[in-house]
Each structure stands twice: as structure tokens, then as C-alpha cells.
Amino acid sequence: MKLKSSKRSNSGFLISFEGGEGGGKSTQIRHLVKYFTDHNIPVVLTLEPGGTKIGSKIRKILLDPKNTEISHRAELLLYLADRAQHVEECILPALKAGKVVISDRYADSSNVYQGICRKLGLEWTMALNDYATDGLYPNIAIILDIPEKIGLARVQQRILTQKFNHKSSNAQLDRMENEKVAFHKKVRQGFLLLSKKYPKRIQVINAALSEEEVKSAIQKLIRNRIQKMKGQSLWKKLEQ
Ligand code: TYD
Numbered sequence: 000m001k002l003k004s005s006k007r008s009n010s011g012f013l014i015s016f017e018g019g020e021g022g023g024k025s026t027q028i029r030h031l032v033k034y035f036t037d038h039n040i041p042v043v044l045t046l047e048p049g050g051t052k053i054g055s056k057i058r059k060i061l062l063d064p065k066n067t068e069i070s071h072r073a074e075l076l077l078y079l080a081d082r083a084q085h086v087e088e089c090i091l092p093a094l095k096a097g098k099v100v101i102s103d104r105y106a107d108s109s110n111v112y113q114g115i116c117r118k119l120g121l122e123w124t125m126a127l128n129d130y131a132t133d134g135l136y137p138n139i140a141i142i143l144d145i146p147e148k149i150g151l152a153r154v155q156q157r158i159l160t161q162k163f164n165h166k167s168s169n170a171q172l173d174r175m176e177n178e179k180v181a182f183h184k185k186v187r188q189g190f191l192l193l194s195k196k197y198p199k200r201i202q203v204i205n206a207a208l209s210e211e212e213v214k215s216a217i218q219k220l221i222r223n224r225i226q227k228m229k230g231q232s233l234w235k236k237l238e239q
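Note that numbering that gives the first Met the number 0 has the sequence shown beginning at 0, numbered continuously upward.
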């Protein structure tokens, strides 16, 4: 069945950050938020799973390391339920108000983690993403690419530091981080494969570079993409 997609018009700009574990998404997202606010551009920072009140309940189920019995299909549908609520309640209203929205993960995570790595099939995850988002896709999806072993080592280090600083004595790997290295290797390959399939929408950044280098590369990408959207008032603000 061909789904009817209402690409509802909006004057905003949607950016998603994607990639495997430990690619430095949070740090780079913080830099990008500052970049926009420094240019007086209203920006909404959000995440998946968990960008809404209902979503945060779904997130708890999805990431609880004790929930090992979740079936792959149930896992996919929970991520999609979170996304459907997220689009309707948070992302779309912000885009319609002309804001920039940065989402820490979005539809491509389902394509890679569930479609490719859990072997549910890209045809399913793509069709279901169309349904859950009502056809709303990012203007640009940025993949922070890092070899899986380096990424996982960074995550382990973060947890050790949290424990050491007594910020959270029960800090532990979540259900997805607990997957074996081979799974995370597939995640990396999956994102790279997807970026080859959709070279315009999905852009890969080498996250093994220094924090400053990654930050500049992201800003360059964003400037180019916004500049190409002729007539955008966003570009005028970025130029200032
Ligand atoms: P999170 O704690 O947000 O960490 P990070 O994004 O820094 O890795 O964990 C979200 C986890 O959920 C992450 O392992 C990727 C996974 N995920 C999916 O498997 N499918 C999805 O559709 C989404 C949005 C995330």
C-alpha cells in the first residue's frame, strides 16, 4: 500500500544527529545549539527515544538492561511509537514556528539498528518510518562516524568517570550499549551503507578528528545546506 504522505509545509529546518555509540553526539550538538543561538536563530534541542512525556516512558522500557525479552518487532514498534508522538507534539509545531530543530537520533536509527542490525528489513523500517513521521524527514542527517571499538571505549570511560565522581554510583551500560562488539560494527557499517544510498540527505563526518575539527565540519555542512535553500530567512541570520 502506498502511504499518503502529507509533507506539511513549514519554514523550519530539521537536523538529526546519528551514528553508533560514543561518537560525541552530545558534545557536538551542544556546539551546534550555541552556533544557532549566537546568530539569534531559535533552536529546539530534542532526542529519541524520549523527546516527550510519553516518549520518556517508552525510553525507560527500551533502554532498561533488564528487558532482555523484548522481541525485535516490539522494539521497532516502540521506537516508532516514540517517534510518532515526538513528531506530532514537539518537532512539527517547532518547525511550523520557523525554528531549527536538532534531534539526537531520528528515523535513520530505526533503519540501521532495527532494519539492518536486527534484520527486520529496510523496506519495513522505511515504510513504518513514513507512517510514524507522516513523511517528515530531516533537511540533513549528520552521522558521526567512529570505529566501534573506539566508540565503545569512550562509553565505558564515561560510565567509569560518572561512577568515580559519584554522580551516579549505579551508572551502567543500557540495553543497546550492552550488545556485542559485532553488533556495533554492523551499526557503523549500516549507517555508512545508508549514507551511500542517500548521499544528499545523509552526510558522514569523521568523528575520530578533534572536537574543534568536527565542530567546524558540521558548521560548514549546515551553512552550505541552508544557503542552498533559496529565500530562507535563516540564511540571512547566519550571514550576519
Ligand atoms: P541513548 O541513551 O539516547 O544514547 P546514544 O544516542 O548516545 O547512543 O540511546 C538510544 C539507543 O537507542 C541507542 O543505542 C540507539 C538506539 N535506537 C534504536 O535502536 N532505534 C531507534 O530508532 C532509535 C531512535 C535509537
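Ideal Cβ placement from N, Cα and C applies to all residues, glycine included.
Cα-Cα separation between residue i and residue j, rounded to whole angstroms
{"i": "His165", "j": "Leu159", "result": "10 Å"}
{"i": "Trp123", "j": "Asn205", "result": "29 Å"}
{"i": "Ala96", "j": "Leu191", "result": "33 Å"}
{"i": "Lys196", "j": "Ala216", "result": "21 Å"}
{"i": "Ile149", "j": "Val180", "result": "11 Å"}
{"i": "Met228", "j": "Asp173", "result": "39 Å"}
{"i": "Lys162", "j": "Val154", "result": "13 Å"}
{"i": "Val99", "j": "Ala83", "result": "19 Å"}
{"i": "Asp81", "j": "Ala106", "result": "11 Å"}
{"i": "Ser8", "j": "Glu147", "result": "38 Å"}
{"i": "Leu233", "j": "Ala126", "result": "31 Å"}
{"i": "Thr26", "j": "Glu68", "result": "32 Å"}
{"i": "Leu94", "j": "Thr132", "result": "13 Å"}
{"i": "Leu77", "j": "Gln239", "result": "42 Å"}
{"i": "Thr45", "j": "Phe35", "result": "15 Å"}
{"i": "Pro198", "j": "Ile221", "result": "15 Å"}
{"i": "Val32", "j": "Asp103", "result": "12 Å"}
{"i": "Glu88", "j": "Phe16", "result": "20 Å"}
{"i": "Arg200", "j": "Asn169", "result": "39 Å"}
{"i": "Ile57", "j": "Gly50", "result": "10 Å"}
{"i": "Glu178", "j": "Leu151", "result": "10 Å"}
{"i": "Glu47", "j": "Gly54", "result": "8 Å"}
{"i": "Arg224", "j": "Tyr130", "result": "26 Å"}
{"i": "Leu121", "j": "Gln202", "result": "19 Å"}
{"i": "Val42", "j": "Lys24", "result": "17 Å"}
{"i": "Lys52", "j": "Glu212", "result": "35 Å"}
{"i": "Leu79", "j": "Gly22", "result": "23 Å"}
{"i": "Asp37", "j": "Gln231", "result": "18 Å"}
{"i": "Leu193", "j": "Gln226", "result": "24 Å"}
{"i": "Arg117", "j": "Asn128", "result": "16 Å"}
Check whether residue i and residue j have beta carbons under 8 Å apart
{"i": "Val74", "j": "Leu91", "result": "For the sequence presented, residue 74 should be read as Glu rather than Val. No, the pair does not count as a contact, with Cβ atoms beyond the cut-off."}
{"i": "Gln171", "j": "Pro64", "result": "yes"}
{"i": "Lys214", "j": "His30", "result": "yes"}
{"i": "Lys236", "j": "Asn66", "result": "no"}
{"i": "His71", "j": "Leu119", "result": "yes"}
{"i": "Ile101", "j": "Ile28", "result": "yes"}
{"i": "Glu176", "j": "Glu20", "result": "yes"}
{"i": "Gly18", "j": "Leu208", "result": "no"}
{"i": "Gly243", "j": "Ile115", "result": "Residue coverage of the chain in this structure runs from 0 to 239, which leaves residue 243 outside it and unanswerable."}
Any C-beta of chain D under 8 Å from that of residue i
{"i": "Lys33", "result": "Although the question refers to chain D, the structure presented lacks it and comprises just one protein chain."}
My parser needs the alpha helix (DSSP H) runs of 4 or more residues fully inside the stretch 37-71; what are they? DSSP runs (the alpha helix (DSSP H)) wholly in the stretch 37-71: 52-62.
Quick check for students: name the residue ranges of the beta strand (DSSP E) that lie wholly in the stretch 122-198, counting only runs of 3 or more. With a minimum length of 3 residues, the continuous beta strand (DSSP E) runs that stay inside the stretch 122-198 are 139-144.
Touching by the beta-carbon criterion (3+ pairs, under 8 Å), the stretch 111-125 and the stretch 183-201: Between the stretch 111-125 and the stretch 183-201, the count of C-beta pairs closer than 8 Å reaches three or more; the two stretches touch.
Do the stretch 124-141 and the stretch 12-31 touch if we need at least three Cβ pairs shorter than 8 Å? Two segments are said to touch when three or more pairs of C-beta atoms, one from each, lie closer than 8 Å; by this definition the stretch 124-141 touches the stretch 12-31.
Could you give the uninterrupted runs of the beta strand (DSSP E) lying entirely in the stretch 83-129, keeping only those of 3 residues or more? Correct list: 99-103.
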